[in-house]
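Numbering (this note's numbering), first residue to last: 1 to 434.
Beta carbons: idealized from backbone N, C-alpha and C, even for Gly.
Quick caveat, the model's predicted, so the values are computed rather than measured.
Step one of this worksheet: look at the structure below.
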Amino acid sequence: MSCEKCAKTGTDHSVPRRPRRRAEAADPVAGGQSGLSRLSPLPLLALFLTACTQQPRIDPQLASEIEKIKAIDNHAHPVRPGNPPDTDFDALPVEHLDPYSEPIRTRADSPIVAEARQKMQNVDKSNSAAVLDALGIDVMLANRVTMSPPVTEPRFRFVGYVDALMYPLDNTPMMKDPDKKAFFPLEEALLKRYYPDPKPATLDDYLDKVVRPVLEAHKKSGAIAEKFEMAYLRALDVGNPSKQDAEKAYLGEGAYKDLQDYIFRFIATECGRLGMAIHIHVCASAGAYFDIAGTNPILLEPLLHDPAMRKTNFVLLHGGWPFIGEITALLENPNVYTDFSEQTYNGYPREVSVNIRKWLEYEPEKVMFATDAYPFSKEIGWEEAGYIANKTGREALGLALTGMLRDEEINRDRAIQLARMVLRENARKLYNLN
Ligand SMILES: [Zn+2]
Numbered sequence: 001m002s003c004e005k006c007a008k009t010g011t012d013h014s015v016p017r018r019p020r021r022r023a024e025a026a027d028p029v030a031g032g033q034s035g036l037s038r039l040s041p042l043p044l045l046a047l048f049l050t051a052c053t054q055q056p057r058i059d060p061q062l063a064s065e066i067e068k069i070k071a072i073d074n075h076a077h078p079v080r081p082g083n084p085p086d087t088d089f090d091a092l093p094v095e096h097l098d099p100y101s102e103p104i105r106t107r108a109d110s111p112i113v114a115e116a117r118q119k120m121q122n123v124d125k126s127n128s129a130a131v132l133d134a135l136g137i138d139v140m141l142a143n144r145v146t147m148s149p150p151v152t153e154p155r156f157r158f159v160g161y162v163d164a165l166m167y168p169l170d171n172t173p174m175m176k177d178p179d180k181k182a183f184f185p186l187e188e189a190l191l192k193r194y195y196p197d198p199k200p201a202t203l204d205d206y207l208d209k210v211v212r213p214v215l216e217a218h219k220k221s222g223a224i225a226e227k228f229e230m231a232y233l234r235a236l237d238v239g240n241p242s243k244q245d246a247e248k249a250y251l252g253e254g255a256y257k258d259l260q261d262y263i264f265r266f267i268a269t270e271c272g273r274l275g276m277a278i279h280i281h282v283c284a285s286a287g288a289y290f291d292i293a294g295t296n297p298i299l300l301e302p303l304l305h306d307p308a309m310r311k312t313n314f315v316l317l318h319g320g321w322p323f324i325g326e327i328t329a330l331l332e333n334p335n336v337y338t339d340f341s342e343q344t345y346n347g348y349p350r351e352v353s354v355n356i357r358k359w360l361e362y363e364p365e366k367v368m369f370a371t372d373a374y375p376f377s378k379e380i381g382w383e384e385a386g387y388i389a390n391k392t393g394r395e396a397l398g399l400a401l402t403g404m405l406r407d408e409e410i411n412r413d414r415a416i417q418l419a420r421m422v423l424r425e426n427a428r429k430l431y432n433l434n
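Shown next, in the form of structure tokens:
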């Protein structure tokens, strides 16, 4: 964060340094002249540029405050240590996807990955809370199929999966590419875990005997939100079908999408009643067949603008990348929030800071820090992914707030207050955490 730290951690300094050298070469004092009064406008400009480029990238006081804040991580996939190997960290693990091109920043041989491995190598990974301590994270929202000690409260809070409930019929027609061929059977298997009995005869029975009990069971085991990763399975355009149309579809006589949309809305309404937020994956993500157009958050607008949905809070995970402006506009809905996970893994701090700054200038109470810490590979476990995202996220936040400070949009006190809100307070309020 500070220049010294960046130098230690190998952050590229070439951008601020290059202009400084150019400016030094033009320095009139170094060139033998004797005082500011004799300077022509051009060297004065150079002097001004020198002063500018000597500023640290992140305001030092702000950087040290940001580093100290014990964060609430809005979204992650912590893995239970030990044997047998944990498979409940995701309903749709990315290892099932066809090969796809990884962003260069987080490939196994990248500098940030080497740094993460080095920094996390002495952390006791059998102690999940110790991993959080190493990252400066107080509470991590654990998006998992089930919780499993030591990944438990109070340091980890449960966020369940509910996609499987949306697909109770034959899903073969939806398996349009190899990734969906791999993913739908996983959802079908999870639905069987939720409800091993034969499918109830009517939609009402399905909602009463399967859907609602799953939500209530999650709530009982501590869930504070339910997560949809439907963007991996279908587009986000949730319609508002009639119950009759949904019932027909349940019996195999109507459009399957009507049934899925009806169930989605039922789940969202029930979650509002139970005091659980709805998390939706909104981001162009892993996979060679990922439907980027289908993850445009504007597709959610009819749902989010429906007065019937206003008792439910929606969190659009991952900040909707690459649809950042659309997320900014959607944050005007009183019940819509976002986080910047995943971007802080794939993206560099500067890019992420530009995205965050836009939101902070519009709706700072709706923006939350998150890591999406995930076991990507042998080299990058959830711990290393958490290190990368945590470091990048705090740095991006510092850059965004420093930009607002230097542009005189806010003062330093407000910058520090905003940092606390993003790293902790906004999530604490949304989920009623102590
Ligand atoms: Zn995730």
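- When DSSP states are grouped into helix, strand and coil, Ile292 belongs to the coil group.
- Straight-line spacing of the CA atoms in Pro154 and Gly252 works out to 44 Å.
- Taking a cut-off of 8 Å for Cβ pairs, the segment 159-167 and the segment 257-272 touch, as three or more such pairs fall below it.
- Separation of Val210 and Met147 (C-alpha to C-alpha, rounded to the nearest whole angstrom) is 20 Å.
- Contact between the segment 290-299 and the segment 192-202 is not established, with fewer than three Cβ pairs separated by less than 8 Å.
- Per DSSP, Tyr206 is one residue of the alpha helix (DSSP H) stretching across Leu203 to Tyr206.
- Leu190 carries a helical assignment under DSSP once its states are collapsed to helix, strand and coil.
- Exclusion of Tyr348 from the 7 Å shell around ligand 1 follows from its C-beta lying no nearer than that to any non-hydrogen atom of the ligand.
- Note that the C-beta distance between Leu135 and Val159 is not below 8 Å.
- When distances are taken from the beta-carbon of His96 to the heavy atoms of ligand 1, even the shortest one reaches 7 Å or more.
- Residue pairing by DSSP places Ala142 opposite Ala76 and Phe158 in a beta bridge.
- In the three-state DSSP reduction, Ala277 falls in the strand class (E or B).
- Boundaries of the beta strand (DSSP E) harbouring Thr338: Val336 to Asp339, taken from the DSSP string.
- Taking one beta carbon from each stretch, the segment 332-344 and the segment 93-101 have fewer than 3 pairs nearer than 8 Å; the two do not touch.
- With contacts defined as CB atoms closer than 8 Å, Tyr194 and Val214 qualify as a contacting pair.
- Short of 6 Å from the beta carbon of Ser353, and not among the five residues preceding or following it, lie these beta carbons of its own chain, in chain order: Ala396, Leu399 and Ala400.
- In terms of Cβ geometry, Val151 and Arg80 form a close pair [threshold 8 Å].
- The beta-carbon distance between Thr312 and Ile278, rounded to whole angstroms, is 6 Å. This is short enough to meet the 8 Å contact definition.
- Under the DSSP assignment, Ala134 falls outside any beta strand (DSSP E), being part of the alpha helix (DSSP H) whose first and last residues are Ser128 to Leu135.
- In chain order, Leu62, Glu65, Ile66, Ile69, Leu397, Gly398 and Leu401 place their CB closer than 8 Å to the CB of Ala419, counting only its own chain and leaving out the 5 sequence neighbours on each side.
- Looking from the CA of Val422, the closest CA among Glu365, Ala385, Leu430 and Gly275 belongs to Glu365.
- According to the DSSP secondary-structure assignment, Phe264 is paired through a beta bridge with no residue.
- In this structure, Ser341 lies near Asp372, with their beta-carbon atoms less than 8 Å apart.
- Beta-bridge partners of Ser148 (DSSP): Val151.
- By the CB criterion at 8 Å, Trp382 and His77 fall inside the cutoff.
- Leaving aside the five residues that flank Ala415 on each side, the residues in its chain whose CB is nearer than 8 Å to its CB run, in chain order, Asp59, Leu62, Leu401, Thr402, Met404 and Leu405.
- Distance from the CA atom of Leu360 to the CA atom of Tyr337, rounded to whole angstroms, is 12 Å.
- Ala249: member of the alpha helix (DSSP H) spanning Lys243 to Tyr250, first to last residue.
- The criterion of a C-beta distance shorter than 8 Å is satisfied by Asp339 and Gly319.
- Distance from the CA atom of Pro349 to the CA atom of Ser128, rounded to whole angstroms, is 26 Å.
- Look at Tyr337: its beta carbon is at least 7 Å from all of the heavy atoms in ligand 1.
- In this chain, the alpha helix (DSSP H) harbouring Leu405 covers Trp382 to Arg406.
- In the assembly as shown, Gln343 is a buried residue. Its beta-carbon has 16 or more other beta-carbons within 10 Å.
- Note on the segment 302-352: whole beta strand (DSSP E) runs with a minimum of 3 residues are 314-317 and 336-339, in chain order.
- Exclusion of Tyr362 from the 7 Å shell around ligand 1 follows from its C-beta lying no nearer than that to any non-hydrogen atom of the ligand.
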